[in-house]
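Residue numbers (the working numbering): 5 to 386.
A quick write-up on the structure given underneath.
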(Lines of atoms letter the chains of each structure in order from A and count residues from 1; the text may use other names and numbers.)
(Lines give C-alpha, C1' and ligand atoms only; values in the text may rest on other atoms or scores of the structure.)
Protein backbone atom coordinates (compact mmCIF):
# COMPACT_ATOMS: atom_id res chain seq x y z
CA UNK A 1 0.00 0.00 0.00
CA UNK A 2 2.75 2.44 0.94
CA UNK A 3 4.48 1.82 -2.42
CA UNK A 4 1.23 2.57 -4.28
CA UNK A 5 0.78 5.79 -2.37
CA UNK A 6 4.37 6.75 -3.12
CA UNK A 7 3.95 6.06 -6.84
CA UNK A 8 0.73 8.06 -6.99
CA UNK A 9 2.37 10.93 -5.13
CA UNK A 10 5.40 10.91 -7.42
CA UNK A 11 3.18 10.80 -10.52
CA UNK A 12 1.11 13.70 -9.24
CA UNK A 13 4.24 15.66 -8.43
CA UNK A 14 5.64 15.04 -11.90
CA UNK A 15 2.44 16.16 -13.60
CA UNK A 16 2.26 19.24 -11.41
CA UNK A 17 5.85 20.11 -12.27
CA UNK A 18 5.13 19.56 -15.97
CA UNK A 19 2.18 21.94 -15.88
CA UNK A 20 3.61 24.57 -13.56
CA UNK A 21 7.02 24.52 -15.19
CA UNK A 22 5.60 25.18 -18.63
CA UNK A 23 4.88 28.88 -18.25
CA UNK A 24 7.27 31.80 -18.09
CA UNK A 25 7.11 33.34 -14.61
CA UNK A 26 6.98 36.98 -13.56
CA UNK A 27 7.46 38.88 -10.30
CA UNK A 28 5.46 41.87 -11.56
CA UNK A 29 2.54 41.33 -9.18
CA UNK A 30 4.76 42.39 -6.30
CA UNK A 31 3.79 42.86 -2.69
CA UNK A 32 1.91 46.16 -2.94
CA UNK A 33 -1.18 44.93 -4.81
CA UNK A 34 -3.98 43.91 -2.39
CA UNK A 35 -4.75 40.17 -2.23
CA UNK A 36 -7.94 38.29 -1.34
CA UNK A 37 -8.32 36.94 2.19
CA UNK A 38 -11.66 35.13 1.95
CA UNK A 39 -10.56 32.09 -0.06
CA UNK A 40 -11.71 33.52 -3.39
CA UNK A 41 -9.24 34.18 -6.21
CA UNK A 42 -9.06 37.11 -8.64
CA UNK A 43 -7.00 36.62 -11.80
CA UNK A 44 -6.22 39.40 -14.26
CA UNK A 45 -6.10 38.14 -17.85
CA UNK A 46 -4.07 40.41 -20.13
CA UNK A 47 -4.06 39.97 -23.91
CA UNK A 48 -1.07 41.74 -25.44
CA UNK A 49 -1.51 42.98 -29.01
CA UNK A 50 2.19 42.75 -29.85
CA UNK A 51 3.75 41.24 -32.96
CA UNK A 52 6.67 40.06 -30.81
CA UNK A 53 7.03 36.95 -28.69
CA UNK A 54 7.50 36.93 -24.92
CA UNK A 55 11.21 37.65 -25.30
CA UNK A 56 10.80 40.62 -27.64
CA UNK A 57 11.70 38.75 -30.82
CA UNK A 58 9.62 39.37 -33.95
CA UNK A 59 7.03 36.71 -34.66
CA UNK A 60 7.85 34.87 -37.90
CA UNK A 61 6.37 36.41 -41.04
CA UNK A 62 4.53 33.17 -41.78
CA UNK A 63 2.73 33.35 -38.44
CA UNK A 64 1.85 37.03 -38.88
CA UNK A 65 0.41 36.20 -42.28
CA UNK A 66 -1.78 33.46 -40.79
CA UNK A 67 -2.92 35.85 -38.09
CA UNK A 68 -3.76 38.68 -40.52
CA UNK A 69 -1.68 40.83 -38.17
CA UNK A 70 0.35 42.87 -40.64
CA UNK A 71 3.99 42.49 -41.55
CA UNK A 72 5.56 44.94 -39.08
CA UNK A 73 6.42 44.11 -35.48
CA UNK A 74 5.72 47.75 -34.59
CA UNK A 75 1.98 47.43 -35.32
CA UNK A 76 -0.03 47.27 -32.11
CA UNK A 77 2.93 48.20 -29.94
CA UNK A 78 2.53 46.80 -26.45
CA UNK A 79 -1.14 47.55 -25.88
CA UNK A 80 -3.18 45.27 -23.62
CA UNK A 81 -6.20 45.03 -25.89
CA UNK A 82 -7.76 42.42 -23.63
CA UNK A 83 -8.17 43.09 -19.90
CA UNK A 84 -10.46 40.70 -18.05
CA UNK A 85 -10.62 40.12 -14.30
CA UNK A 86 -11.74 36.58 -13.46
CA UNK A 87 -13.25 36.09 -10.00
CA UNK A 88 -13.38 32.52 -8.67
CA UNK A 89 -15.46 32.33 -5.46
CA UNK A 90 -14.28 30.14 -2.60
CA UNK A 91 -17.61 28.28 -2.36
CA UNK A 92 -17.58 26.86 -5.89
CA UNK A 93 -20.37 29.11 -7.17
CA UNK A 94 -20.13 30.39 -10.76
CA UNK A 95 -17.01 32.33 -11.64
CA UNK A 96 -17.38 35.91 -12.86
CA UNK A 97 -15.36 37.54 -15.63
CA UNK A 98 -15.38 41.34 -15.93
CA UNK A 99 -14.07 42.99 -19.10
CA UNK A 100 -12.33 46.36 -18.83
CA UNK A 101 -12.85 48.28 -22.11
CA UNK A 102 -9.39 48.96 -23.48
CA UNK A 103 -10.06 52.62 -24.34
CA UNK A 104 -11.15 53.66 -20.83
CA UNK A 105 -9.49 56.99 -20.00
CA UNK A 106 -7.73 56.59 -16.65
CA UNK A 107 -4.99 58.12 -14.51
CA UNK A 108 -2.21 55.54 -14.73
CA UNK A 109 0.11 55.63 -11.69
CA UNK A 110 3.32 57.55 -12.47
CA UNK A 111 2.32 57.98 -16.13
CA UNK A 112 -0.67 60.33 -16.14
CA UNK A 113 -3.92 60.17 -18.09
CA UNK A 114 -4.04 57.67 -20.95
CA UNK A 115 -6.10 54.81 -22.29
CA UNK A 116 -5.83 51.93 -19.86
CA UNK A 117 -4.53 49.66 -22.62
CA UNK A 118 -1.44 51.89 -22.92
CA UNK A 119 -0.18 51.36 -19.36
CA UNK A 120 1.94 48.38 -20.37
CA UNK A 121 3.69 49.95 -23.36
CA UNK A 122 4.26 53.35 -21.75
CA UNK A 123 5.72 51.87 -18.57
CA UNK A 124 7.89 49.50 -20.60
CA UNK A 125 9.29 52.35 -22.69
CA UNK A 126 9.88 54.54 -19.63
CA UNK A 127 11.75 51.78 -17.79
CA UNK A 128 13.96 50.94 -20.75
CA UNK A 129 14.74 54.62 -21.39
CA UNK A 130 15.70 55.13 -17.74
CA UNK A 131 17.99 52.10 -17.75
CA UNK A 132 19.70 53.16 -20.97
CA UNK A 133 20.18 56.73 -19.75
CA UNK A 134 21.72 55.45 -16.53
CA UNK A 135 24.46 53.93 -18.66
CA UNK A 136 24.44 50.65 -16.84
CA UNK A 137 22.26 47.65 -16.35
CA UNK A 138 20.71 45.17 -18.79
CA UNK A 139 20.90 45.22 -22.57
CA UNK A 140 19.33 43.13 -25.32
CA UNK A 141 16.95 40.43 -24.09
CA UNK A 142 17.58 41.42 -20.47
CA UNK A 143 16.54 45.00 -21.20
CA UNK A 144 13.40 43.73 -22.91
CA UNK A 145 12.62 41.57 -19.89
CA UNK A 146 13.05 44.51 -17.50
CA UNK A 147 10.77 46.64 -19.64
CA UNK A 148 8.15 43.91 -19.81
CA UNK A 149 8.13 43.54 -16.04
CA UNK A 150 7.56 47.29 -15.67
CA UNK A 151 4.75 47.08 -18.21
CA UNK A 152 3.04 44.24 -16.42
CA UNK A 153 3.32 45.99 -13.06
CA UNK A 154 1.83 49.19 -14.51
CA UNK A 155 -1.10 47.36 -16.12
CA UNK A 156 -1.87 45.49 -12.91
CA UNK A 157 -1.69 48.71 -10.86
CA UNK A 158 -3.91 50.58 -13.34
CA UNK A 159 -6.61 47.90 -13.27
CA UNK A 160 -6.45 47.45 -9.50
CA UNK A 161 -6.62 51.19 -8.92
CA UNK A 162 -9.65 51.53 -11.19
CA UNK A 163 -11.59 48.53 -9.87
CA UNK A 164 -10.49 48.75 -6.22
CA UNK A 165 -10.54 44.97 -5.75
CA UNK A 166 -7.75 42.51 -4.89
CA UNK A 167 -5.70 40.91 -7.67
CA UNK A 168 -4.19 37.58 -6.63
CA UNK A 169 -2.71 36.38 -9.90
CA UNK A 170 -2.29 37.39 -13.51
CA UNK A 171 -1.79 35.68 -16.85
CA UNK A 172 -0.49 37.46 -19.94
CA UNK A 173 -0.98 35.98 -23.41
CA UNK A 174 0.52 37.35 -26.61
CA UNK A 175 -1.10 37.70 -30.01
CA UNK A 176 -0.25 34.17 -31.12
CA UNK A 177 -1.85 32.74 -28.00
CA UNK A 178 -5.41 32.92 -29.33
CA UNK A 179 -4.23 31.04 -32.41
CA UNK A 180 -2.39 28.34 -30.47
CA UNK A 181 -5.25 27.81 -28.00
CA UNK A 182 -7.76 27.30 -30.81
CA UNK A 183 -5.39 24.93 -32.64
CA UNK A 184 -4.62 22.96 -29.48
CA UNK A 185 -8.33 22.52 -28.76
CA UNK A 186 -9.14 21.50 -32.32
CA UNK A 187 -11.21 24.63 -32.93
CA UNK A 188 -13.71 26.59 -30.85
CA UNK A 189 -17.41 27.09 -31.55
CA UNK A 190 -19.05 30.53 -31.59
CA UNK A 191 -22.19 32.13 -32.99
CA UNK A 192 -22.66 35.36 -34.95
CA UNK A 193 -25.89 37.32 -35.35
CA UNK A 194 -25.00 38.43 -38.87
CA UNK A 195 -22.36 37.63 -41.51
CA UNK A 196 -19.21 39.78 -41.37
CA UNK A 197 -16.47 40.73 -43.81
CA UNK A 198 -13.52 42.77 -42.54
CA UNK A 199 -10.27 43.19 -44.45
CA UNK A 200 -8.47 44.75 -41.47
CA UNK A 201 -8.69 41.69 -39.23
CA UNK A 202 -9.31 39.05 -41.88
CA UNK A 203 -12.71 38.23 -40.37
CA UNK A 204 -15.00 36.67 -42.98
CA UNK A 205 -17.73 34.64 -41.32
CA UNK A 206 -21.33 33.66 -42.09
CA UNK A 207 -24.11 34.15 -39.59
CA UNK A 208 -24.90 31.41 -37.11
CA UNK A 209 -22.98 28.77 -35.20
CA UNK A 210 -19.54 27.86 -36.54
CA UNK A 211 -16.24 26.35 -35.43
CA UNK A 212 -13.16 28.55 -35.78
CA UNK A 213 -9.66 27.31 -36.47
CA UNK A 214 -6.57 29.13 -35.18
CA UNK A 215 -6.31 32.01 -37.65
CA UNK A 216 -10.07 32.56 -37.73
CA UNK A 217 -10.19 32.61 -33.93
CA UNK A 218 -7.76 35.52 -33.83
CA UNK A 219 -9.67 37.38 -36.55
CA UNK A 220 -12.85 36.81 -34.56
CA UNK A 221 -11.50 38.45 -31.39
CA UNK A 222 -9.65 41.27 -33.18
CA UNK A 223 -12.38 42.63 -35.47
CA UNK A 224 -13.81 46.01 -34.50
CA UNK A 225 -14.43 47.69 -37.88
CA UNK A 226 -17.91 47.33 -39.31
CA UNK A 227 -19.52 46.34 -36.02
CA UNK A 228 -22.48 48.36 -34.65
CA UNK A 229 -20.91 48.58 -31.19
CA UNK A 230 -17.38 49.14 -32.47
CA UNK A 231 -14.78 48.38 -29.84
CA UNK A 232 -17.41 47.30 -27.30
CA UNK A 233 -18.53 44.59 -29.71
CA UNK A 234 -14.89 43.52 -29.89
CA UNK A 235 -14.99 43.11 -26.11
CA UNK A 236 -18.06 40.88 -26.45
CA UNK A 237 -16.23 38.83 -29.06
CA UNK A 238 -13.45 38.24 -26.54
CA UNK A 239 -16.00 37.10 -23.98
CA UNK A 240 -17.61 34.77 -26.53
CA UNK A 241 -14.20 33.30 -27.34
CA UNK A 242 -13.46 32.62 -23.67
CA UNK A 243 -16.90 31.03 -23.28
CA UNK A 244 -16.14 28.82 -26.29
CA UNK A 245 -12.78 27.80 -24.85
CA UNK A 246 -14.40 27.00 -21.50
CA UNK A 247 -17.11 24.89 -23.15
CA UNK A 248 -14.47 22.97 -25.09
CA UNK A 249 -12.31 22.41 -22.02
CA UNK A 250 -15.31 21.16 -20.07
CA UNK A 251 -16.65 18.95 -22.88
CA UNK A 252 -13.26 17.33 -23.47
CA UNK A 253 -12.57 16.90 -19.76
CA UNK A 254 -9.29 18.79 -20.00
CA UNK A 255 -9.61 20.44 -16.58
CA UNK A 256 -10.30 17.09 -14.94
CA UNK A 257 -7.39 15.29 -16.58
CA UNK A 258 -3.92 16.47 -15.59
CA UNK A 259 -2.39 14.68 -18.56
CA UNK A 260 -4.62 16.54 -21.04
CA UNK A 261 -4.01 19.77 -19.19
CA UNK A 262 -0.27 19.21 -19.42
CA UNK A 263 -0.58 18.67 -23.18
CA UNK A 264 -2.52 21.92 -23.53
CA UNK A 265 0.06 23.83 -21.48
CA UNK A 266 2.81 22.42 -23.68
CA UNK A 267 1.00 23.72 -26.77
CA UNK A 268 0.57 27.28 -25.51
CA UNK A 269 3.44 27.77 -23.02
CA UNK A 270 5.45 29.92 -25.44
CA UNK A 271 2.58 32.42 -25.49
CA UNK A 272 1.85 32.77 -21.77
CA UNK A 273 3.43 34.53 -18.79
CA UNK A 274 2.03 34.10 -15.27
CA UNK A 275 2.94 35.43 -11.84
CA UNK A 276 5.45 33.44 -9.84
CA UNK A 277 2.91 32.09 -7.34
CA UNK A 278 0.20 31.02 -9.81
CA UNK A 279 -0.59 27.33 -9.18
CA UNK A 280 -2.87 26.33 -12.06
CA UNK A 281 -3.66 22.85 -10.75
CA UNK A 282 -4.50 24.06 -7.26
CA UNK A 283 -6.88 26.66 -8.67
CA UNK A 284 -8.66 24.15 -10.89
CA UNK A 285 -8.99 21.62 -8.08
CA UNK A 286 -10.79 24.22 -5.96
CA UNK A 287 -12.84 25.81 -8.73
CA UNK A 288 -15.75 23.53 -9.52
CA UNK A 289 -17.32 26.37 -11.49
CA UNK A 290 -14.43 26.30 -13.97
CA UNK A 291 -14.67 22.54 -14.46
CA UNK A 292 -18.41 22.82 -15.02
CA UNK A 293 -17.98 25.55 -17.60
CA UNK A 294 -19.91 28.13 -15.58
CA UNK A 295 -18.66 31.67 -16.02
CA UNK A 296 -20.75 34.84 -15.85
CA UNK A 297 -19.56 37.73 -18.01
CA UNK A 298 -19.92 41.47 -17.49
CA UNK A 299 -18.51 44.58 -19.17
CA UNK A 300 -17.69 47.64 -17.07
CA UNK A 301 -20.01 50.63 -17.59
CA UNK A 302 -18.86 53.73 -19.44
CA UNK A 303 -20.40 57.19 -19.39
CA UNK A 304 -19.81 58.13 -23.02
CA UNK A 305 -17.15 58.97 -25.56
CA UNK A 306 -14.75 61.86 -26.10
CA UNK A 307 -11.49 62.86 -27.77
CA UNK A 308 -8.37 63.21 -25.67
CA UNK A 309 -4.93 63.98 -27.13
CA UNK A 310 -6.39 63.39 -30.58
CA UNK A 311 -7.67 59.89 -29.76
CA UNK A 312 -11.15 58.49 -29.18
CA UNK A 313 -11.57 57.40 -25.57
CA UNK A 314 -14.21 56.04 -23.21
CA UNK A 315 -15.21 58.36 -20.37
CA UNK A 316 -15.85 56.58 -17.09
CA UNK A 317 -16.94 57.34 -13.55
CA UNK A 318 -14.59 55.44 -11.21
CA UNK A 319 -17.16 55.49 -8.40
CA UNK A 320 -19.75 53.83 -10.65
CA UNK A 321 -17.17 51.34 -11.89
CA UNK A 322 -16.27 50.33 -8.34
CA UNK A 323 -19.93 50.08 -7.35
CA UNK A 324 -20.51 47.82 -10.35
CA UNK A 325 -17.59 45.61 -9.29
CA UNK A 326 -19.10 45.12 -5.84
CA UNK A 327 -22.38 44.14 -7.46
CA UNK A 328 -20.77 41.72 -9.92
CA UNK A 329 -18.72 39.95 -7.28
CA UNK A 330 -21.64 39.89 -4.86
CA UNK A 331 -23.75 38.25 -7.58
CA UNK A 332 -21.07 35.62 -8.05
CA UNK A 333 -21.54 34.36 -4.49
CA UNK A 334 -25.33 34.73 -4.42
CA UNK A 335 -26.02 32.82 -7.62
CA UNK A 336 -26.84 35.94 -9.63
CA UNK A 337 -30.19 36.37 -7.89
CA UNK A 338 -29.84 39.87 -6.56
CA UNK A 339 -32.47 41.29 -8.87
CA UNK A 340 -32.05 44.89 -9.93
CA UNK A 341 -31.60 46.05 -13.50
CA UNK A 342 -31.53 42.64 -15.12
CA UNK A 343 -27.90 42.85 -16.18
CA UNK A 344 -26.75 39.99 -13.97
CA UNK A 345 -26.31 36.83 -16.04
CA UNK A 346 -26.92 33.49 -14.37
CA UNK A 347 -25.27 31.35 -17.03
CA UNK A 348 -22.76 31.44 -19.84
CA UNK A 349 -25.64 31.40 -22.33
CA UNK A 350 -26.95 34.73 -21.01
CA UNK A 351 -23.56 36.36 -20.70
CA UNK A 352 -23.32 38.16 -24.04
CA UNK A 353 -26.85 39.52 -23.71
CA UNK A 354 -26.13 40.90 -20.25
CA UNK A 355 -22.88 42.51 -21.31
CA UNK A 356 -24.66 44.07 -24.27
CA UNK A 357 -27.44 45.49 -22.12
CA UNK A 358 -25.00 47.02 -19.68
CA UNK A 359 -22.70 48.58 -22.27
CA UNK A 360 -25.54 49.94 -24.39
CA UNK A 361 -27.27 51.45 -21.35
CA UNK A 362 -24.06 53.06 -20.17
CA UNK A 363 -23.22 54.56 -23.54
CA UNK A 364 -26.20 55.04 -25.85
CA UNK A 365 -23.93 56.75 -28.39
CA UNK A 366 -22.33 53.40 -29.18
CA UNK A 367 -25.17 52.38 -31.44
CA UNK A 368 -27.64 49.56 -31.27
CA UNK A 369 -25.37 47.02 -29.60
CA UNK A 370 -25.88 43.28 -30.10
CA UNK A 371 -29.28 41.80 -30.81
CA UNK A 372 -28.27 38.81 -28.72
CA UNK A 373 -29.87 35.45 -29.42
CA UNK A 374 -28.81 31.91 -28.64
CA UNK A 375 -28.43 28.91 -30.93
CA UNK A 376 -27.69 25.42 -29.69
CA UNK A 377 -27.12 26.92 -26.25
CA UNK A 378 -24.47 29.32 -27.56
CA UNK A 379 -24.90 33.07 -27.14
CA UNK A 380 -24.67 34.89 -30.48
CA UNK A 381 -22.77 38.17 -30.79
CA UNK A 382 -22.21 40.76 -33.49
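For glycine and all other residues, C-beta sits at the position ideal for the given N, C-alpha and C.
Measure the Cβ-Cβ separation of residue i and residue j and say whether it is below 8 angstroms.
{"i": "residue 243", "j": "residue 200", "result": "no"}
{"i": "residue 410", "j": "residue 181", "result": "Any property of residue 410 remains undetermined from this structure, which presents the chain solely from 5 to 386."}
{"i": "residue 131", "j": "residue 150", "result": "yes"}
{"i": "residue 272", "j": "residue 172", "result": "no"}
{"i": "residue 34", "j": "residue 157", "result": "yes"}
{"i": "residue 211", "j": "residue 223", "result": "no"}
{"i": "residue 59", "j": "residue 148", "result": "yes"}
{"i": "residue 128", "j": "residue 152", "result": "yes"}
{"i": "residue 155", "j": "residue 124", "result": "yes"}
{"i": "residue 170", "j": "residue 40", "result": "yes"}
{"i": "residue 307", "j": "residue 320", "result": "yes"}
{"i": "residue 112", "j": "residue 37", "result": "no"}
{"i": "residue 287", "j": "residue 136", "result": "no"}
{"i": "residue 195", "j": "residue 323", "result": "no"}
Give the straight-line distance between the Cα atoms of residue i and residue j, rounded to the nearest whole angstrom.
{"i": "residue 95", "j": "residue 385", "result": "31 angstroms"}
{"i": "residue 232", "j": "residue 167", "result": "27 angstroms"}
{"i": "residue 380", "j": "residue 266", "result": "30 angstroms"}
{"i": "residue 245", "j": "residue 139", "result": "45 angstroms"}
{"i": "residue 178", "j": "residue 65", "result": "16 angstroms"}
{"i": "residue 299", "j": "residue 325", "result": "20 angstroms"}
{"i": "residue 274", "j": "residue 268", "result": "11 angstroms"}
{"i": "residue 249", "j": "residue 239", "result": "16 angstroms"}
{"i": "residue 30", "j": "residue 283", "result": "13 angstroms"}
{"i": "residue 377", "j": "residue 237", "result": "15 angstroms"}
{"i": "residue 114", "j": "residue 32", "result": "16 angstroms"}
{"i": "residue 165", "j": "residue 141", "result": "30 angstroms"}
{"i": "residue 367", "j": "residue 203", "result": "Below a pLDDT of 50, predicted positions are generally treated as unreliable, and residue 367, at 33, falls in that range; no measurement from the model is reported."}
With residue i as the anchor, note down where its beta strand (DSSP E) starts and where it stops.
{"i": "residue 169", "result": "Here residue 169 belongs to no beta strand (DSSP E), and DSSP marks it neither H nor E."}
{"i": "residue 86", "result": "84-92"}
{"i": "residue 315", "result": "315-319"}
{"i": "residue 214", "result": "212-216"}
{"i": "residue 30", "result": "28-30"}
{"i": "residue 103", "result": "99-103"}
Starting from residue i, trace the alpha helix (DSSP H) in both directions and tell me its first and last residue.
{"i": "residue 119", "result": "Run containing residue 119: none in the alpha helix (DSSP H); it sits in the beta strand (DSSP E), 116-119."}
{"i": "residue 237", "result": "235-255"}
{"i": "residue 184", "result": "179-188"}
{"i": "residue 123", "result": "123-137"}
My understanding is that residue i touches residue j, with C-beta atoms under 8 angstroms, so please give their C-beta distance in whole angstroms.
{"i": "residue 48", "j": "residue 185", "result": "Not quite, the Cβ-Cβ distance comes to about 18 angstroms (not below 8 angstroms), so this is no contact."}
{"i": "residue 90", "j": "residue 99", "result": "6 angstroms"}
{"i": "residue 304", "j": "residue 103", "result": "7 angstroms"}
Exercise for review: Inspect the CB distances between the segment 311-318 and the segment 102-111 and report whether three or more fall short of 8 angstroms.
Suggested key: Yes, they touch.
Check your understanding: When the Cβ atoms of the segment 39-56 are set against those of the segment 81-90, are three or more pairs found closer than 8 angstroms?
Key -> With a cut-off of 8 angstroms on Cβ pairs, the segment 39-56 is in contact with the segment 81-90, counting three or more such pairs.
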